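A.B. asks: Residue numbers for the sequence shown follow our numbering, beginning at 1 and rising by one.
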Amino acid sequence: FPSHDTWTSASTGSVPDRGRYNMIAFGNGTFVRPAETGVKISTDGFNWSTITPTNKPAQFSFQERICYVPSAGFALARKVAESDGDVTIITATSADGKEWSFTDARVRTNNTGDINLSGFAGDLLFACAYDSSKDLTEVWCSTNRGQSWQLLETGPWNSSDNDYASFCSNETILAVGTGSEIHTMELDEFKNHLNDSPPRCQIIEGSFTWHEAKADAEARGGRLAVLDTQEKIEEANALIPTQGLGYRDWE
1 FPSHDTWTSA
11 STGSVPDRGR
21 YNMIAFGNGT
31 FVRPAETGVK
41 ISTDGFNWST
51 ITPTNKPAQF
61 SFQERICYVP
71 SAGFALARKV
81 AESDGDVTII
91 TATSADGKEW
101 SFTDARVRTN
111 NTGDINLSGF
121 AGDLLFACAY
131 DSSKDLTEVW
141 CSTNRGQSWQ
151 LLETGPWNSS
161 DNDYASFCSN
171 ETILAVGTGS
181 EIHTMELDEF
191 KNHLNDSPPR
201 CQIIEGSFTW
211 HEAKADAEAR
221 GGRLAVLDTQ
231 EKIEEANALI
241 PTQGLGYRDW
251 E
């Protein structure tokens, strides 16, 4: 590996407490790295300008891991704890690093660790959250640029030296790198597994007609719950009391 004195350096300013993360990405002819209030962008790696999006949600910070996803552009994600115990994952995407859009999705998790984007495979985004108190890593996947997230199995990533997983793909093979191992799988096989994963329900607050609710669910990358199995009924019964909606046994 070349020694430091063979590199040409340019200062873009520090990002506090984030040195361990992937803090720069390249795509569409542009370098982008997070900054305290937004991002810094450069087309040559030497001359940098600061972009501060005015539409950034108050809870969102750009001081997170960044990656470039061909189907979505530059992307970051941040987890925000909610008062009812759920969390909201806010995903920021930009085609050029200048104009940013923000999407939020509420998820249910017992993991208290930070969440960071950890790679992509085609139109799939991956994110990881590590809870050091439980030595538990959760891996999340989104098929719609962060409008909704699906929790994947935690193994084989939940060991002390594998607290973070990094995903990449050549559009045929999905590779997952952890602290000490590399796991590979046919991408189509993984997508089939994703489609066959156990259902997960989410309560969306608001006043909807049935048709409005259906359209809203589909816009979030899901669908209205169909309680046609005992597993789904039990999941709905377990979810509803936590939302202050009362308790009901579904038939």
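Where a beta carbon is used, it is the ideal one built from N, C-alpha and C, also for glycine. Small disclaimer: the values here were computed from a predicted structure and weren't measured.
Does the segment 29 to 42 come into contact with the segment 79 to 88, if we say contact requires no fewer than three beta-carbon pairs (one atom in each stretch) closer than 8 Å?
C.D. replies: no
A.B. asks: Only counting the same chain, and skipping five residues up and downstream in sequence, which positions put a Cβ closer than 8 Å to that of Met-23?
C.D. replies: Reading the sequence shown from its first residue, position 23 is the one you call residue 23. Val-15, Arg-33, Pro-34, Arg-65 and Ile-66, listed in sequence order.
A.B. asks: Can you find the residues in the same chain that come closer than 6 Å, C-beta to C-beta, to Phe-126, ignoring five residues on each side of it along the sequence?
C.D. replies: Residue numbering aside, residue 126 sits at position 126 when the sequence shown is read from its first letter. Within the same chain, Phe-126 has close Cβ partners Ser-118, Gly-119, Cys-141 and Phe-167.
A.B. asks: With DSSP collapsed to three states, give me the class of Phe-208.
C.D. replies: Locating residue 208 in the sequence shown gives position 208, where the first residue counts as 1. Looking at Phe-208 - three-state DSSP - the assignment turns out to be coil, as it is neither helix nor strand.
A.B. asks: Please name the residue in Gln-150, His-211 and Asn-47 whose C-alpha comes closest to that of His-193.
C.D. replies: As a first step, residue 193 must be located in the sequence shown, where it is residue number 193. Selected option, being the one with the closest Cα: Gln-150.
A.B. asks: Quick one: using the 10 Å Cβ neighbour count with 16 as the cut-off for buried, is Glu-36 buried or exposed?
C.D. replies: Position 36 of the sequence shown, counted from the first residue, corresponds to residue 36. By the 10 Å Cβ count, Glu-36 comes out exposed.
A.B. asks: Would you tell me roughly how many angstroms separate the C-alpha atoms of Ala-238 and Ser-133, rounded to the nearest one?
C.D. replies: Residue mapping note: residue 238 aligns to position 238 of the sequence shown, counting from 1. Residue mapping note: residue 133 aligns to position 133 of the sequence shown, counting from 1. Answer to the nearest angstrom: the Cα atoms are 25 Å apart.
A.B. asks: Between Ala-105 and Gly-146, which are expected to be in contact by the criterion C-beta below 8 Å, what is the C-beta distance as a whole number of angstroms?
C.D. replies: Your numbering for residue 105 matches position 105 in the sequence shown. Your numbering for residue 146 matches position 146 in the sequence shown. Between Ala-105 and Gly-146 a beta carbon distance of about 6 Å is seen, short of the 8 Å cut, so the two are scored as contacting.
A.B. asks: Compare the beta carbon distance of Ile-41 and Arg-78 with 9 Å and say whether it is the shorter of the two.
C.D. replies: Residue numbering aside, residue 41 sits at position 41 when the sequence shown is read from its first letter. Residue numbering aside, residue 78 sits at position 78 when the sequence shown is read from its first letter. No, the pair does not count as a contact, with Cβ atoms beyond the cut-off.
A.B. asks: Once DSSP output is grouped into helix, strand and coil, what is the label at Phe-190?
C.D. replies: The residue labelled residue 190 in the question sits at position 190 within the sequence shown. Here Phe-190 sits in helix by DSSP.
A.B. asks: Would Phe-74 and Thr-91 qualify as a contact pair, given that the criterion is a beta-carbon distance under 9 Å?
C.D. replies: What you label residue 74 is simply residue 74 of the sequence shown in a count that begins at 1. What you label residue 91 is simply residue 91 of the sequence shown in a count that begins at 1. Contact: no.
A.B. asks: Determine which residues share a DSSP beta bridge with Pro-34 and list them.
C.D. replies: The count along the sequence shown starts at 1 and reaches residue 34 at position 34. Its beta-bridge partners are Val-39.
A.B. asks: Report buried or exposed for Gln-76, applying the criterion of at least 16 other Cβ atoms within 10 angstroms of its Cβ.
C.D. replies: Locating residue 76 in the sequence shown gives position 76, counting from the first residue. A quick correction: the sequence has Leu, not Gln, at residue 76. So Leu-76 ends up on the buried side.
A.B. asks: Once the 5 residues before and after Ala-175 are set aside, which same chain residues still bring their CB inside 8 Å of it?
C.D. replies: Here residue 175 refers to the residue found at position 175 when the sequence shown is read from its first residue. Correct list, in chain order: Phe-167, Cys-168, Ser-169, Ile-182, His-183 and Thr-184.
A.B. asks: With a threshold of 16 other CB atoms inside 10 Å of the CB of Ile-204, please say whether the residue is buried or exposed.
C.D. replies: In the sequence shown, residue 204 corresponds to position 204, counting from 1. Under this definition Ile-204 is an exposed residue.
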